[in-house]
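Residues 1 to 49 in full-length UniProt numbering are what the sequence shown lists, from first letter to last.
Idealized CB from N, CA, C, for every residue including glycine.
Keep in mind it's a predicted model, so treat the numbers as computed, not measured.
See below for the structure under consideration.
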Amino acid sequence: MFGDRLKEVHSDIYYSFFELRFIQTVIQRLQIYLIVYDPIEEIIVEWKN
């Protein structure tokens, strides 16, 4: 269903890089799905589509 458009992203990286407006535009245009995870808590923080 998602194929190569599903990406896992460390929460620190997401909040420091992936929230930039330019990056958000690219993610939306390429229809990339992100799973934001916290490896210390071992939880999924957000599912972005």
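Could you give the distance in angstroms between the alpha-carbon of Asp12 and the alpha-carbon of Thr25?
Within the sequence shown, the letter at position 12 stands for residue 12. Within the sequence shown, the letter at position 25 stands for residue 25. Cα-Cα distance, rounded: 20 Å.
Which complete beta strand (DSSP E) runs does the UniProt domain "NERD" (1 to 49) hold, if anything under 3 residues is left out?
Within the UniProt domain "NERD" (1 to 49), the complete beta strand (DSSP E) runs of at least 3 residues are 6 to 10, 33 to 38 and 43 to 48.
Sorted by chain position, which residues of the same chain lie with C-beta nearer than 8 Å to Phe17's C-beta, five sequence neighbours on each side aside?
Position 17 of the sequence shown, counted from the start, is the residue given in the question as residue 17. If we look at Phe17 and ignore the five residues flanking it on each side, its Cβ neighbours are Ile23.
My guess is that Val45 and Tyr37 are in contact by the Cβ rule of under 8 Å, so how many angstroms apart are they, rounded?
Start at 1 with the first residue of the sequence shown, and residue 45 comes out as number 45. Start at 1 with the first residue of the sequence shown, and residue 37 comes out as number 37. Indeed, because the Cβ distance is near 6 Å, the residues count as touching under 8 Å.
For Tyr14, is the classification buried or exposed, using 16 other Cβ atoms within 10 angstroms of its Cβ as the cut-off for buried?
Working through the sequence shown from its first residue, we reach residue 14 at position 14. By the 10 Å Cβ count, Tyr14 comes out buried.
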